[in-house]
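Participant:
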Amino acid sequence: MSTRGGVRPPAARSSSASVQEDDDGGALPPQGHLSADPVPPRRLGLLLTIGGVIGFLAAFTLTVERIKLLADPSGYKPSCDINPFISCGSVMVTWQARLFGFPNPLIGIAAFAVAVTLGVLLLSGTPLPRWVRVGWQVGITLGFVFVCWLMTQSLYSIKALCPWCMVAWAAVIPMFWTTTVDSLDRGLVPVPRGARRAVATLVEYRLLLSVFTGLVVVVLIAQAFWSQWLSLV
Numbered sequence: 001m002s003t004r005g006g007v008r009p010p011a012a013r014s015s016s017a018s019v020q021e022d023d024d025g026g027a028l029p030p031q032g033h034l035s036a037d038p039v040p041p042r043r044l045g046l047l048l049t050i051g052g053v054i055g056f057l058a059a060f061t062l063t064v065e066r067i068k069l070l071a072d073p074s075g076y077k078p079s080c081d082i083n084p085f086i087s088c089g090s091v092m093v094t095w096q097a098r099l100f101g102f103p104n105p106l107i108g109i110a111a112f113a114v115a116v117t118l119g120v121l122l123l124s125g126t127p128l129p130r131w132v133r134v135g136w137q138v139g140i141t142l143g144f145v146f147v148c149w150l151m152t153q154s155l156y157s158i159k160a161l162c163p164w165c166m167v168a169w170a171a172v173i174p175m176f177w178t179t180t181v182d183s184l185d186r187g188l189v190p191v192p193r194g195a196r197r198a199v200a201t202l203v204e205y206r207l208l209l210s211v212f213t214g215l216v217v218v219v220l221i222a223q224a225f226w227s228q229w230l231s232l233v
């Protein structure tokens, strides 16, 4: 259809025109991402906020219990002492519980407070500078490694489970995996060209990483305390 002067009006854009596709018909990732399904900033913020609050409460409760135990070592029984192998008290008195010379939960209080702060900022739509994201990635990675070490110590050295510690573990695992795949997707962590497709797949199936890690922890706990579990039946 022509108009005055023979100029054809621009065709109306299709609603799907904003979605770019690759040669195979798949959606192209947004600019600055490796995956076509990146982690939404507000969803990451919600996870950090919820996980941070849960972890903070667990660390704070452990700190209070530790103070009470120090005040009355012979008479106080922590509220999370359920039986000989599910016991906060058995774990608190070990050297692993104060690896750096002070109670480990104090580290958790500070770290989980940072997680809540970053989560609230992301929920509010505040863009985080690159150095903040990189710093958080380093911090949550160290936290995940520390949690893995504490798990092995609880299962195979101390041979006791601290309920509030396990709550903190459960908070750290999804925060670590979601933060890590988001950092890989954004290029905050260098990714070789040959590994980019694999990273994109990890981003798309990020939930399974946390689920799989949780299942591994459950299996390890069941295996390490199998005879104790049977004694409760």
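Using full-length UniProt numbering, you'd call the opening residue of the sequence shown number 1 and step up by one each time. Using N, Cα and C, we set each Cβ at its ideal position, and we do this for glycine too.
Exposed or buried, which one is S183 when buried takes at least 16 other CB atoms within 10 Å?
Facilitator: buried
Participant: Please classify L161: does DSSP put it in a helix, a strand, or coil?
Facilitator: strand
Participant: So, do the region 128-135 and the region 54-73 have three or more beta carbon pairs nearer to each other than 8 Å?
Facilitator: no
Participant: Could you name the residues of the same chain whose beta carbon sits closer than 7 Å to that of V172, not counting the 5 residues immediately before and after it, in chain order?
Facilitator: Counting only Cβ-Cβ distances below 7 Å, and skipping sequence neighbours, we find G55, G143, F144 and V147.
Participant: With the cut-off set at 8 Å, would you say P103 and T63 are in Cβ contact?
Facilitator: yes
Participant: Could you have a look at I82 and say whether DSSP puts it in helix, strand or coil?
Facilitator: If DSSP states are grouped into helix, strand and coil, I82 belongs with coil.
Participant: Would you give the residue range spanned by the alpha helix (DSSP H) that R42 belongs to?
Facilitator: P41 to A71
Participant: How would you write the range of the alpha helix (DSSP H) that R130 sits in, first residue to last?
Facilitator: R130 to Q153
Participant: Excluding the five sequence neighbours on either side, which residues of its own chain have a C-beta within less than 6 Å of the C-beta of D23, listed in chain order?
Facilitator: In this prediction, D23 has a pLDDT of 44, which is less than 50 and means its spatial position is unreliable; nothing more can be read from the coordinates.
Participant: Going by Cα to Cα distance, which pick from K77, V120 and L150 is closest to G108?
Facilitator: L150
Participant: Grab me the residues of K77's own chain with a C-beta within less than 8 Å of its C-beta, minus the 5 sequence neighbours each way, in chain order.
Facilitator: Only G89 meet the Cβ criterion.
Participant: Ignore the nearest five residues each way along the sequence and tell me which others in L106's own chain have a CB closer than 7 Å to its CB.
Facilitator: T63
Participant: Would you kindly report the start and end of the unbroken alpha helix (DSSP H) that includes A111?
Facilitator: N104 to L123
Participant: Can you give me the C-alpha to C-alpha distance between E21 and T213, rounded to a whole angstrom?
Facilitator: Reliability of the predicted coordinates at E21 is poor, the pLDDT of 48 falling under 50, and the value obtained from them is presented with this limitation in mind. Their Cα atoms are separated by approximately 33 Å.
Participant: Would you mind reading off the limits of the alpha helix (DSSP H) that contains A97?
Facilitator: Element bounds for A97: n/a, residue is neither H nor E.
Participant: Buried or exposed: G101, going by 16 or more other Cβ atoms within 10 Å of its Cβ?
Facilitator: Exposed.
Participant: Distance check for R206 and G139, CA to CA, integer angstroms please.
Facilitator: 19 Å
Participant: If you run the structure through DSSP and keep just helix, strand and coil, what is G194?
Facilitator: helix
Participant: Using 8 Å as the cut-off, can you tell me whether the region 79-89 makes contact with the region 161-178, which would need three or more C-beta pairs spanning the two stretches below that distance?
Facilitator: yes
Participant: Might you give, ordered along the chain, the residues of its own chain that have their beta carbon closer than 6 Å to the beta carbon of T94, omitting 5 neighbours on each side?
Facilitator: I158
Participant: Looking only at C-alpha atoms, which of L123, G187, Q223 and M175 sits nearest to T211?
Facilitator: Per the sequence shown, residue 211 should be read as Val rather than Thr. It is M175 whose Cα lies nearest to the Cα of V211.
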